[in-house]
Every structure is written in structure tokens, then in C-alpha cells.
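A.B. asks: One gets the working numbering by counting positions in the sequence shown from 1 and adding 151 to each. If you scroll down you'll find the structure; I have some questions about it.
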Amino acid sequence: MNMTYRNYFLKMIAIVTVTLMTNLGAQSPSDENRQMEFSKIMQQLSKDMQAITDAISREDWQRVKKSAHKIAHHAKPPVTEKQKIISFAGERFSIFKRSDQKTHLTAIELEQIASEKNVSLVIDTFAKLQKTCQGCHQEFRKPFKKHFYGKE
Ligand code: HEC
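As C-alpha cells, this is what we get:
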């Protein structure tokens, strides 16, 4: 009786340990993400997008313009990293590049439209900008992570 209880207890500890280790394992790829300049740029883009959402709610068009401008002129990864991305994308690099250009162009469009102070037009253009992010993610995020971080 005592023995079974002890075994059960040990099993529980084993399960908890494995779960903890799995969780720690799951955290390490995002730590690695931070080592790539590309991922830092992505995180900045995300912050700028959030700033735009907030600015739209406040109808603060100056801030919409400022953040759209930042997205349109976002930093580029260093040359060595860019070369790695080019070789990762291979013959699909032109699609990758076009996708990036779409984000730039739509951000410029949003920057200009913000001057018109037309809420619904700004929201539509913002949605269009979000779609450009999503388009590239759908196409490249998974293989990118697998290639660079060895993780789906
Ligand atoms: C040209 C392709 C491309 C475009 C355009 C693009 N992304 Fe990404 N993004 C990626 C790839 C590839 C990853 C996966 C790499 C990673 O997670 O580090 C990614 C990952 C991310 C992440 C997760 C980063 C992390 O550290 O986990 C965020 C957030 C993000 N993108 C935001 C955006 C936003 C916001 C936009 C649009 C304003 C955008 N991206 C446009 C390709 C793109």
C-alpha cells in the first residue's frame, strides 16, 4: 500500500519535472530569436503597430504618422545576416523581397493618409498594412524558424 503510494508520488514528480523541462525548452527559441537582428526588427515593427492602434483610438494623427514613418523606414539586418536570409529563401527570395516592399509602400501610404484625418480611411489602410505583415508570415515564418532556430 505504502509502496504504491510512493511510486505514484515519484511518477508525479517525474511528470512535473518533464513538464518544467519542456517549458524551459520552449522558451529557449525566443531567446535565440533575440540574437538575430531580423527578429529584433520584427519586435520593433510590432511595437510600432501597437502604437498606431493606440494612436487611432485617440485620433492622434501625428502619432499615426510618426509610427507609420518608422515602419516604412525600419532598420535593416546587417549584411552577413541578410546573406543568410537570401540563401535561406533561395529562389523564393523575390517573393520575400516583394512582401517586404509591400509593407514599406503601405506604411508610406498610411503615413500620407494620416494627414487627411479620416478615421475610417486610416483604419482601412492600417488593416491593409497588417495584411502585408500577415502575408509574409504565412509564407515564411514557419520555414524561417525551422531553418534558423531548428524549431517549427
Ligand atoms: C518579408 C517578410 C516579413 C514581413 C513583411 C513581416 N514579417 Fe514579421 N516575421 C517574418 C519572419 C520570417 C518571422 C519569423 C522570425 C522570427 O520569429 O524571429 C517574423 C516574425 C515576426 C514576429 C515575432 C518575432 C519574435 O521575436 O518572436 C513579430 C512580432 C513580427 N514578425 C511582426 C511583424 C509586423 C508587425 C510586420 C508588419 C508591419 C511584419 N512582421 C512584417 C517575416 C516578415
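Beta carbons: idealized from backbone N, C-alpha and C, even for Gly.
Note down the Cα distance separating Gly301 from Asn269, rounded to an integer number of angstroms.
C.D. replies: Roughly 45 Å separates the two Cα atoms.
A.B. asks: If Pro229 sits next to Ile192, beta carbons under 8 Å apart, how far is it from one beta carbon to the other, in whole angstroms?
C.D. replies: The pair is not a contact, with the Cβ atoms about 11 Å apart (cut-off 8 Å).
A.B. asks: With C-beta atoms as the reference, is Lys216 less than 7 Å away from Ala265?
C.D. replies: Yes, they are a contact pair.
A.B. asks: Quick one: is Thr155 buried, meaning 16 or more other Cβ sit within 10 Å of its Cβ, or exposed?
C.D. replies: Exposed: under 16 other Cβ atoms inside 10 Å.
A.B. asks: Identify the continuous alpha helix (DSSP H) that holds Met187 and give its terminal residues.
C.D. replies: Premise fails: Met187 is in no alpha helix (DSSP H) and is neither H nor E.
A.B. asks: Quick one: measure Cβ to Cβ for Phe277 and Ile203, integer angstroms, because I've assumed they're closer than 8 Å.
C.D. replies: Correct: roughly 6 Å between the Cβ atoms.
A.B. asks: With distances taken between CB atoms, is the gap from His225 to Glu262 smaller than 7 Å?
C.D. replies: Contact: no.
A.B. asks: I'd like the span of the alpha helix (DSSP H) that includes Glu260, first residue to last.
C.D. replies: Per DSSP, Glu260 belongs to the alpha helix (DSSP H) from 244-264.
A.B. asks: So, Phe239 versus His298, is the Cβ gap smaller than 7 Å?
C.D. replies: A contact, by the Cβ cut-off of 7 Å.
A.B. asks: Just to confirm my understanding: we take Lys253, look at its own chain, exclude 5 residues before and 5 after, and list those with CB closer than 6 Å. What are they?
C.D. replies: Contacts found: Thr283.
A.B. asks: Taking 8 Å as the limit between beta carbons, can you name the residues of its chain near Gln289, skipping five residues before and five after?
C.D. replies: If we look at Gln289 and ignore the five residues flanking it on each side, it has no Cβ neighbours.
A.B. asks: With distances taken Cα to Cα, identify the nearest neighbour of Gly286 among Gln213, Arg249, Lys233, Ile259.
C.D. replies: Cα-wise, what sits closest to Gly286 is Arg249.
A.B. asks: State the Cα-Cα distance for the pair Trp212 and Glu260, rounded to the nearest angstrom.
C.D. replies: Looking at the two C-alpha atoms, the distance is approximately 14 Å.
A.B. asks: Using only CA atoms, which one of Gly241, Leu280, Lys233 lies nearest to Glu188?
C.D. replies: Residue Lys233 is the option with its Cα nearest to Glu188.
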